[in-house]
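According to our numbering, the residues represented by the sequence shown are 4 to 200, in order.
Cβ coordinates follow ideal geometry from the N, Cα and C atoms, glycine included.
If you're wondering where the values come from, they're calculated on a predicted model, not measured in any experiment.
Shown next, in structure tokens, is the structure this report addresses.
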Amino acid sequence: MADLLPSSSTVATLPLADLAHAACMREIVERGLREVRARHVAERIGVGARELSRLCPWADLRARAYEQVENEMMDEVFPPGEKPELVMETWLASAFDARTARAWQRWSDAWDMSCIDAAMAAAFARIQNRYFEEMSSTLAAGPWRLPDPEASAIRLFAIEDGLACQILTCAPFITRKRAESLLRGAFELECSQRGAI
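Rendered as structure tokens:
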């Protein structure tokens, strides 16, 4: 992911609210969604916690920053104009690599926090919808001729989520390599449905 904070030469020209948003994104990436606190963001931008709270309610700032972090990651996986075959290969190859381990933890934390945090629930729902729409449109545009790309996307997501959960909980019977192999196998099964290549 590209550097999320502006360069020092542009900091002085940024509105404080924008700087807080960028700082919150960085803190989420570095510390984790569940661990980040308002004081971490306030310290990073050199203001007091009260001044930060006057800029934006903490729950709203955190939810918006989380949403942008996830959107930037999806921009990398689903770049506009890329061939569907290459998009799927990127998705399969990166689903469980070391770089995405923290992303899966953020996803799990956002899921949990959504039960008690309305701002996070709204942000997480938008992220889920975008992920589903990106995958569904990729599957529909590819050469596979899937009978129901939306259903395929839902099944693939369910398998991906389940495998990621096993990895996050350090299940002894699964490795990242095996998880990728199983996800690839699930995609191949989707493609072997009647009407698909």
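Please classify residue i as buried or exposed, where buried requires at least 16 other C-beta atoms within 10 Å of its C-beta.
i	result
L149	buried
A101	exposed
P18	exposed
L89	exposed
E33	exposed
A208	For residue 208 there is no data in the structure shown, the boundaries of the chain being 4 and 200.
A174	exposed
P82	exposed
R40	exposed
P60	exposed
Looking only at its own chain, which residues have a Cβ that is under 8 Å from the Cβ of residue i, when we skip the five neighbours before and after it?
i	result
V44	A23, A26, C27, E30, L55, L64
R179	F99, D100, A101, I170
F160	Y134, F135, M138
In angstroms, rounded to a whole number, what distance separates the CA positions of residue i and residue j?
i	j	result
R187	L95	7 Å
E191	T103	22 Å
L185	I119	33 Å
A126	R109	13 Å
W107	L171	8 Å
L142	N132	15 Å
N74	A154	23 Å
I162	S97	15 Å
L8	V72	Residue placement at L8 cannot be trusted, given a pLDDT of 47 that sits under 50; what the coordinates show is reported in the next sentence. Computed Cα separation, rounded: 12 Å.
G35	W114	13 Å
E137	G49	38 Å
Q196	E85	25 Å
Is it true that the CB of residue j sits closer than 9 Å to the CB of residue i?
i	j	result
S111	A66	no
F176	A156	no
R42	A52	yes
E70	R129	yes
A122	A62	yes
M91	G145	yes
A182	R158	no
Using a Cβ-Cβ cutoff of less than 6 Å, which residues in the same chain neighbour residue i once the five nearest sequence positions on both sides are dropped?
i	result
A47	With the sequence shown as reference, residue 47 is identified as Arg, and Ala is not the correct amino acid for it. Taken in chain order, the residues that qualify are A26.
M116	M123
S139	P152, E153, A156
P87	T141, A144, G145
Starting from the C-beta of residue i, find all residues in its chain whose C-beta is less than 7 Å away, skip the five residues before and the five after it, and write them out in chain order.
i	result
T93	V80
L58	L19, A20, A23
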